[in-house]
Every structure is written in structure tokens, then in C-alpha cells.
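**Student:** Mind looking over this structure? Questions follow.
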Amino acid sequence: AQSVAQPEDQVNVAEGNPLTVKCTYSVSGNPYLFWYVQYPNRGLQFLLKYITGDNLVKGSYGFEAEFNKSQTSFHLKKPSALVSDSALYFCAVRDPSGGSYIPTFGRGTSLIVHP
Amino acid sequence: GAGVSQSPSNKVTEKGKDVELRCDPISGHTALYWYRQSLGQGLEFLIYFQGNSAPDKSGLPSDRFSAERTGGSVSTLTIQRTQQEDSAVYLCASSLAITGNEQFFGPGTRLTVL
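Pasting the structure below:
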């Protein structure tokens, strides 16, 4: 079985400060991990993914995430937050060893960046 | 290039009526997914199509929900005898059927059942 948790419903950060949005997962084998962003009244947009290779993954809009196998985490980070980063962020996991092509999404974390 | 499109963008219907939601995936994407997003909730998987294979319907909440995909492209999600609890945003996504590929989402259809 595969599952993902986003422990924070909301994250508040001041513009210019670093931000972290947390994600932990549970799978039987090696995970495929994804981050998506959703702006108001829009669909989800892909930010970045970890499939294999380097644990630090860089994605769109200056975001990056670090795969940590021992802590089963894939936290999303950005060195300097912008007000325009305010949105809903979703982490997703898929266990390729499970034979399913259907990822499991977290409940989402609302990021609010204050000017 | 063109992304995933969905229609209508908004649909208001009366309880008990049937509704059809449409999804046009990205050309060449053989995988297509339907999700439901309720206020304050994450994404609830509904159904998955992959090429000509039988769809994975394991997420459909009741037999009032059905979906089809014609010609491996356009998909329609049908909800019969709508109930107020069906009110949500219905999202469609497509992807290349290659392991590890990300999904591309449409803008969604906001369904309101009165």
C-alpha cells in the first residue's frame, strides 16, 4: 500500500524568507514522489519529481525538494519566498513495485507568503 | 502547446438530474485520470484509463458514477441522479504511459448540486 502525509494544513512565511512544506510517505519499495501546486480556481501544475538519482531535485519557479529515504520524507523548499508563491501545494507518491499507475495525493498544504 | 481542457467550467444542476463532464487530454497521452476535489479535502481518485485496457474504476464512489473514453482520447464522466454531496470540483489529468511521468491537469469543472 502507498500513502502520503502533509502534516501542516497551512504554512505562513514572510516574503524573502526560506520556506519548507513538509511531506512524508509510506511505500513498500522505492517511491516515485511528486510535488504539484494549485493556484485559485486552477488545476494542479507539476513542480518537480523524484524517480531515481540525486536526492536533491530542482524544479519550476525556484523550488527544490530533498528525498530522504531514512526519514521517508520529501520536503519542498525554496530559499526565498515570494508573495506569488502563495497557493495550495500537494505531495503525491506512487509505488512502482505495486503495479499501479495511480498516485496517492496528500491533503494539501496552503502556503501563505506575507509581504 | 494545448493542455488538458475540461468543459463546462461550471455546472449548476438540481438534485436528481444527470450531468456529463468532458475532458480533452493532451494529444498522445494514453493515460487519463479523473479526480474529485472537495472543499478542504485532497484529491479523491475516481477512475483511470490506460490505452485500450479496461479502466480502473476502483475509486468511483457509487454506481451513479460512470465514465468512458472514446477512441483513446476524449473522456466523459457521467453522474446520474445527482446528490448534494456530489458538489465538488472534478479534475481530469493525463500523462504519458511511461513509468515515472507526471500528470498534466485540466482546470476542472465546478459542480454545484442544489
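Residue numbers (the working numbering), protein chains in the order written: chain A, 49 to 163; chain B, -17 to 96.
Cβ coordinates follow ideal geometry from the N, Cα and C atoms, glycine included.
All figures in this text were calculated on a predicted structure; none of them were measured in a lab.
1. Around the Cβ of E84 (chain B), are there at least 16 other Cβ atoms within 10 angstroms (buried) or fewer (exposed)?
2. For V109 (chain A), which of helix, strand or coil comes out of DSSP?
3. Taking Cβ-Cβ distances shorter than 7 Å, what residues in chain A pair up with Y72 (chain B)?
4. Whose CA, out of A:S148, A:Q50 and A:F122, lies closest to the CA of Y84 (chain A)?
5. May I ask you to check if the CB of K126 (chain A) is nearer than 7 Å to at least one heavy atom of the ligand ATP?
6. Measuring CB to CB, does E112 (chain A) end up less than 8 Å from K97 (chain A)?
7. Taking only the alpha-carbon atoms, compute the straight-line gap between R4 (chain B) and T52 (chain B) and give it to the nearest angstrom.
8. Can we say the segment 71 to 85 of chain A touches the segment 139 to 159 of chain A, given the rule of at least three CB pairs closer than 8 Å?
9. Take T81 (chain B) and list the residues in its own chain whose beta-carbon comes closer than 7 Å to its own, dropping the five residues that flank it on each side.
10. Would D133 (chain A) be called buried (16 or more neighbouring beta carbons within 10 Å of its own) or exposed?
11. Interface residues of chain B around F138 (chain A) at Cβ under 8 Å?
12. Could you say which of B:S76, B:L28 and B:I61 lies nearest to P89 (chain B) if we only look at CA atoms?
**Tutor:** According to the data block:
1. Per the 10 Å Cβ criterion, buried.
2. Sequence inspection shows Tyr at residue 109 (chain A); the Val mentioned does not correspond to that position. Here Y109 (chain A) sits in helix by DSSP.
3. Y72 (chain B) does not reach chain A, its nearest Cβ partner there being about 11 Å away, counting only Cβ pairs nearer than 7 Å.
4. Looking at the Cα atoms, A:F122 is the closest of the given residues.
5. Ligands displayed in this structure: none; no statement on the ligand ATP is therefore possible.
6. For the 8 Å CB-CB criterion, E112 (chain A) and K97 (chain A) do not form a contact.
7. If I take the Cα positions, the gap works out to 11 Å.
8. Yes, since at least three Cβ pairs between the segment 71 to 85 of chain A and the segment 139 to 159 of chain A fall closer than 8 Å, the two stretches touch.
9. Within the same chain, T81 (chain B) has no close Cβ partners at all.
10. D133 (chain A) counts as buried, since at least 16 other C-beta atoms from the protein chains shown sit within 10 angstroms of its C-beta.
11. G24 and L25, listed in chain order.
12. Of the listed residues, the one whose Cα sits closest to P89 (chain B) is B:S76.
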